[in-house]
Amino acid sequence: MQYAALPYRLTLLAGLEVLLVTTRRSKRWIIPKGWPIKGLAPSRSAAREAFEEAGVRGKIGTKSVGVFTYDKLLDEHAIPVNCEVKVFPLLVKRQSEVWPEMEQRLFQWFEPSEAVSLIREPQLKKLVAKFANRVAATARK
31 MQYAALPYRL TLLAGLEVLL VTTRRSKRWI IPKGWPIKGL APSRSAAREA
81 FEEAGVRGKI GTKSVGVFTY DKLLDEHAIP VNCEVKVFPL LVKRQSEVWP
131 EMEQRLFQWF EPSEAVSLIR EPQLKKLVAK FANRVAATAR K
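Numbering (my numbering) for the sequence shown: 31 to 171.
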């Protein structure tokens with residue numbers, strides 16, 4: 031089990047935007063995620079990963095918005111291991127100028143449909159699209 035943050039923000043110009051980061055090895059677009067951190071609740075582990083991978087901080091939701099699975103290579107020659115990832119929404123309030131993995135990854139804000147088109151994992155695509163629709167529906171009320 032891994033925990034992930036789905037970083038998002040609401041802007042006057044673009045509306046909802048989602049933050050994606052690249053993986054270190056293959057440079058695929060994903061959301062920040064990682065292994066549980068001892069002593070931290072799942073949502074707090076997700077928030078820590080978001081800071082380490084993209085330098086973002088904000089309000090993390092304590093209720094998961096969904097789960098996706100993917101195959102992870104634990105080392106270059108290993109057989110893939112199926113990982114389940116629980117995702118928590120992170121309303122981003124600020125981004126640091128320096129963070130632990132800034133030299134190892136790219137990050138970029140995207141309009142939700144563009145973010146979905148860049149994500150390769152089918153379950154993560156659906157999760158991001160569903161989340162974006164839910165946020166848009168709430169914003170219209």
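By construction, the Cβ of each residue, glycine as well, lies at the ideal position given by its N, Cα and C atoms.
Quick one: Cα of E127 to Cα of I90, how far?
20 Å
At what residue ranges does the segment 102 to 146 contain a whole run of the beta strand (DSSP E), taking only runs of 3 or more?
111 to 125 and 137 to 140
Quick check on DSSP: helix, strand or coil for R87?
strand
Which word fits P130, buried or exposed, when buried means at least 16 other C-beta atoms lie within 10 angstroms of its C-beta?
exposed
Could you pull out every unbroken beta strand (DSSP E) segment of at least 3 residues lying fully inside the segment 38 to 76, listed in chain order?
45 to 52
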